[in-house]
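Enquirer: Numbering-wise, our numbering comes out as the position in the sequence shown, counting from 1, plus 275.
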Amino acid sequence: MRRSVLLVVLVSLSSAPAGGAFAAETARSIAVVPKAGPLAGRAIYGNSHALLIGVNEYPHLQRSNWLQYAANDAAEMRAVLTRSYGFSESNITLLANEGATLANIRRSLARLADARLVGENDRILVYFSGHGQTVSLPTGGDMGFLLPYDAQVDLERVQNPGPYLATCLRMDEIWGYLESSPARHKLIIADACYSGLIAQARSPEPMSPAALTSLAYRPAMQVITAGRKGERSFEMPRLGHGALTFKLLESLRALARAPGEVTTATELFAALQRPVINLTEGKQTPQLGSHNTEGEFLFIPVPAPGETPAPEEDQDTVLLSLDSIPSGAAVFSGGRQIGVTPLNVLFRLGGRGEATGVVTLQLAGYRTEVCRVPLLRGQRGRRVVPLVREAPSGPSPAAGLAPPPAAARPPALDPARFSVSFVAGDLKRAATRYEVYAALAQTFRLTDLDPSSPLNPQGALKPEPFTDVPSDHQWHNHIEAVRQHGLLDGYPDGTFKGDRPVTRYEWAQLLARTGFGLEVRGLRLPTAPLKPEPFADVPPDHWPYNAVEWMRQRGVVEGYPDSTFKGKRPLSLAELQADLRRAVDLFRAAAAPR
Numbered sequence: 276m277r278r279s280v281l282l283v284v285l286v287s288l289s290s291a292p293a294g295g296a297f298a299a300e301t302a303r304s305i306a307v308v309p310k311a312g313p314l315a316g317r318a319i320y321g322n323s324h325a326l327l328i329g330v331n332e333y334p335h336l337q338r339s340n341w342l343q344y345a346a347n348d349a350a351e352m353r354a355v356l357t358r359s360y361g362f363s364e365s366n367i368t369l370l371a372n373e374g375a376t377l378a379n380i381r382r383s384l385a386r387l388a389d390a391r392l393v394g395e396n397d398r399i400l401v402y403f404s405g406h407g408q409t410v411s412l413p414t415g416g417d418m419g420f421l422l423p424y425d426a427q428v429d430l431e432r433v434q435n436p437g438p439y440l441a442t443c444l445r446m447d448e449i450w451g452y453l454e455s456s457p458a459r460h461k462l463i464i465a466d467a468c469y470s471g472l473i474a475q476a477r478s479p480e481p482m483s484p485a486a487l488t489s490l491a492y493r494p495a496m497q498v499i500t501a502g503r504k505g506e507r508s509f510e511m512p513r514l515g516h517g518a519l520t521f522k523l524l525e526s527l528r529a530l531a532r533a534p535g536e537v538t539t540a541t542e543l544f545a546a547l548q549r550p551v552i553n554l555t556e557g558k559q560t561p562q563l564g565s566h567n568t569e570g571e572f573l574f575i576p577v578p579a580p581g582e583t584p585a586p587e588e589d590q591d592t593v594l595l596s597l598d599s600i601p602s603g604a605a606v607f608s609g610g611r612q613i614g615v616t617p618l619n620v621l622f623r624l625g626g627r628g629e630a631t632g633v634v635t636l637q638l639a640g641y642r643t644e645v646c647r648v649p650l651l652r653g654q655r656g657r658r659v660v661p662l663v664r665e666a667p668s669g670p671s672p673a674a675g676l677a678p679p680p681a682a683a684r685p686p687a688l689d690p691a692r693f694s695v696s697f698v699a700g701d702l703k704r705a706a707t708r709y710e711v712y713a714a715l716a717q718t719f720r721l722t723d724l725d726p727s728s729p730l731n732p733q734g735a736l737k738p739e740p741f742t743d744v745p746s747d748h749q750w751h752n753h754i755e756a757v758r759q760h761g762l763l764d765g766y767p768d769g770t771f772k773g774d775r776p777v778t779r780y781e782w783a784q785l786l787a788r789t790g791f792g793l794e795v796r797g798l799r800l801p802t803a804p805l806k807p808e809p810f811a812d813v814p815p816d817h818w819p820y821n822a823v824e825w826m827r828q829r830g831v832v833e834g835y836p837d838s839t840f841k842g843k844r845p846l847s848l849a850e851l852q853a854d855l856r857r858a859v860d861l862f863r864a865a866a867a868p869r
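Printed below as a string of structure tokens:
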């Protein structure tokens, strides 16, 4: 998990007259011309400038606060921009780690605001990936900051703005630089904790061709943030990026497969929001806003220099939102890997406006699945593919060697030792976080499992114990075991808040994490659904769908007689104990000799 900011600012201005050429075209720029729609044939942008900043290392912060993927975020962004969106290497400045000092960042921003260097038909992209912080002011309100390489602050003491003002970059400074730029369209994307960037929130709405033409030439200063106030932004170790960054790059790469097609910033946000919510299991909810303007920034893919443009066909495109249970499966199309689930895949439609999207999903330990999805013009496709675990295979004939012996299963993983502890009292009342996590740890004997090999290694592990669960607390060891195995997160203030209730959605998520982790360790939980169909109130695009569906298919969680799950309801003690009992029985049955 990271407390980071990724800032993207893309600035553009109106084009030359339709069909005309740039008066000041140079060898460094790549023409950005839509091939379809109301803007077809119009040269939209001139030179493209980018400032890309990635900071993993902070020498004045504790080592535990350093990041892993911020510099990689910036490097990958440069690759996408140069390959697919008309940016030349000579017009990109990359500041990474020790190069990303406060002075260097300010100097680079000032160059982008210089009318001698940036023309009216140019566009500017500023991208920041690193730490961000929101500081409470003594007089009330908040002030947002980006932390450069040489920031000298205490991330835990956010009541004193002095050190931040002295060594960090204020958000309103960024607005000032951008408002001074001669370009018209500005887009900021912040993969961050709440950073004070949102000015006027708005919801994505469909756009008519006439509106697109008008808004393309109006001033625009838009912003997309990774989450709402109080939410954190996450780094995803298995993906090598921040959550919003990963989905941003994924979407830009998908859009790049249709050169000349126009996508607005609002449409990009609509494509990002739900996948980020799903990827972070509801912990991040991206936000869209504008800064006193009405225009729209446009994404228009173009081939990189030397590349052959894709053939122009009379075709439309449609996006397929694809996921798997469990997520993380490699997705192949046309014989090459195009990403991992959850993933947005762009398909071309024929002249009839329909097609069948075909992708192949592969995940170690699971059967390969070929997914075929009917697609129609104007209707975004959605598909969640449950993966089936493979039976253990024998020695490889090619290798000519027997496989290494399987590691002995730790005694703690013997289902015969699993047991459900019952809580006395009113079983209809809501179970507290203390009771839920302690019961989970007791049932599956998590305190006996080595935390150096966590059940959920991709989980966002909190580096320190919770401040409100002292070492002498009766449930301390159980809560610590669950935390160390990557199965839970606390609150932004470092607390656990154990007296709060747990929703059925949260419980299903916790059970799915635990069950999948135990399966990876060698225990088998067979697919044995209680219901032939998913719950009516948990659609595939809802963030807890994967967890709820994974547990439903294994017969662990139950719904209500009206075929609903009612995930927002508090979990009762009776439901807690019943679900744990079913899970234990299923694990024992699967492990019994046959």
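Here a beta-carbon is modelled for each residue, glycine too, at the ideal position from N, C-alpha and C.
Would the stretch 395 to 412 count as touching the stretch 423 to 439 if we require 3 or more Cβ pairs under 8 Å?
Expert: yes
Enquirer: Out of curiosity, what's the CA-to-CA distance linking Asn322 and Gln548?
Expert: 30 Å
Enquirer: Quick check on this structure: which residue in Met418, Tyr439, Leu421, Gly761 has the alpha carbon closest to the alpha carbon of Pro427?
Expert: Looking at the sequence shown, residue 427 is not Pro but Gln. Nearest C-alpha to Gln427: Tyr439.
Enquirer: Within the same chain, show all residues whose beta-carbon is closer than 7 Å to that of Ser602, passing over the 5 residues directly before and after it, in chain order.
Expert: Thr616, Pro617, Asn821
Enquirer: By the three-class DSSP mapping on this structure, what secondary structure does Arg358 have?
Expert: Of the three classes helix, strand and coil, the one that applies to Arg358 here is helix, per DSSP.
Enquirer: Determine the burial state of Gly632: buried for a count of at least 16 other Cβ atoms within 10 Å of its Cβ, exposed for fewer.
Expert: buried
Enquirer: Please name the residue in Arg664, Phe420, Ile464 whose C-alpha comes closest to that of Asp447.
Expert: Phe420
Enquirer: Below 8 Å CB to CB, which residues in the same chain sit around Lys772 once its five sequence neighbours on both sides are set aside?
Expert: Answer for Lys772: Arg708, Asp743, Gly765, Tyr766, listed in chain order.
Enquirer: Near Leu514, which residues of its chain fall below 6 Å by C-beta distance, leaving aside the five closest residues on each side in sequence?
Expert: Taken in chain order, the residues that qualify are Phe521.
Enquirer: For Ala388 versus Ala371, is the C-beta distance shorter than 8 Å?
Expert: no
Enquirer: To which residues of the same chain is Tyr344 closer than 7 Å at the C-beta, ignoring the five residues directly before and after it?
Expert: Glu510, Gly515, His516, Gly517
Enquirer: Can you list, in chain order, the residues of its chain with a C-beta nearer than 8 Å to that of Ala756? Leave out the 5 residues immediately preceding and following it.
Expert: In chain order, Ala716, Leu721, Thr722, Leu724, Pro726 place their CB closer than 8 Å to the CB of Ala756, counting only its own chain and leaving out the 5 sequence neighbours on each side.
Enquirer: I'd like the ranges of any alpha helix (DSSP H) spanning at least 4 consecutive residues and lying wholly in the stretch 746 to 793.
Expert: 751 to 759
Enquirer: Please look up how many angstroms separate the CB atoms of Phe572 and Leu530, rounded, as I've assumed it's under 8 Å.
Expert: Not quite, the Cβ-Cβ distance comes to about 13 Å (not below 8 Å), so this is no contact.
Enquirer: Hey, how far is the Cα of Ala375 from the Cα of Gly329?
Expert: 7 Å
Enquirer: Nearest to Thr555 by CA position, among Ile449, Arg647, Leu763, Arg459, is which residue?
Expert: Leu763
Enquirer: Let me check understanding here. Comparing Cα to Cα, which of Ala858, Glu824, Ile367, Glu781 lies closest to Lys558?
Expert: Glu781
Enquirer: Since Glu569 is in the beta strand (DSSP E), which residue starts that stretch and which ends it?
Expert: It is not in any beta strand (DSSP E) - Glu569 carries neither H nor E in the DSSP assignment.
Enquirer: How about Asn553 and Trp818: are their beta carbons less than 8 Å apart?
Expert: yes
Enquirer: Is Leu786 closer than 8 Å to Ser831 when the C-beta atoms are compared?
Expert: According to the sequence provided, residue 831 is Val. The question's Ser does not apply to it. Cβ distance < 8 Å, so Val831 and Leu786 count as in contact.
Enquirer: Apply the 10 Å Cβ neighbour rule to Gly542 and answer buried if 16 or more other Cβ atoms are within range, or exposed otherwise.
Expert: Gly is not the amino acid found at residue 542; the sequence shown has Glu there. Buried, by the Cβ-count rule.
Enquirer: Could you have a look at Arg658 and say whether DSSP puts it in helix, strand or coil?
Expert: strand
Enquirer: When DSSP builds the beta bridges, which residues end up paired with Thr555?
Expert: Note: Thr555 sits in no beta bridge, so no partner.
Enquirer: What distance in whole Å lies between the Cβ atoms of Ala713 and Trp750, which are believed to be in contact at a cut-off of 8 Å?
Expert: 4 Å
Enquirer: Under a three-way DSSP split, which group does Pro438 fall into?
Expert: helix
Enquirer: Taking DSSP's pairing of strands, which residues face Gly419 in a bridge?
Expert: Thr409
Enquirer: What did DSSP end up calling Asn273 once you bin it into helix, strand or coil?
Expert: The displayed coordinates of the chain run from 276 to 869. Any statement about residue 273 would go beyond what the structure contains.
Enquirer: Quick check on Thr789: buried or exposed, where buried means 16 or more other Cβ atoms within 10 Å of its Cβ?
Expert: buried
Enquirer: Do you know whose CA, among Pro512, Tyr492, Ala540, lies nearest Thr500's CA?
Expert: Closest option to Thr500, Cα to Cα, is Ala540.
Enquirer: Report yes or no: do the stretch 389 to 403 and the stretch 452 to 461 share at least 3 C-beta pairs separated by less than 8 Å?
Expert: The answer is yes - the stretch 452 to 461 touches the stretch 389 to 403, with three or more Cβ pairs under 8 Å.
Enquirer: Short of 6 Å in beta carbon distance, which residues of its chain neighbour Leu651, apart from the five on each side in sequence? Order them along the chain.
Expert: Excluding residues up to 5 positions away in sequence, Glu629 lie with their Cβ nearer than 6 Å to the Cβ of Leu651 in the same chain.
Enquirer: Residue range of the beta strand (DSSP E) that Glu629 falls in?
Expert: 629 to 637
Enquirer: Based on Cα-Cα distance, which residue from Ser596, Tyr360, Thr635 lies nearest to Ser608?
Expert: Thr635
Enquirer: DSSP has Arg664 in a bridge; who is on the other side?
Expert: For Arg664, DSSP records a beta bridge to Tyr641.
Enquirer: In whole angstroms, give me the CA-to-CA distance for Glu351 and Asp466.
Expert: 15 Å
Enquirer: In chain order, what residues of the same chain have a beta carbon less than 8 Å from the beta carbon of Pro679, not counting five sequence neighbours either side?
Expert: At Pro679 the pLDDT is 34, less than 50, meaning the model places this residue with poor confidence and gives no usable figure here.
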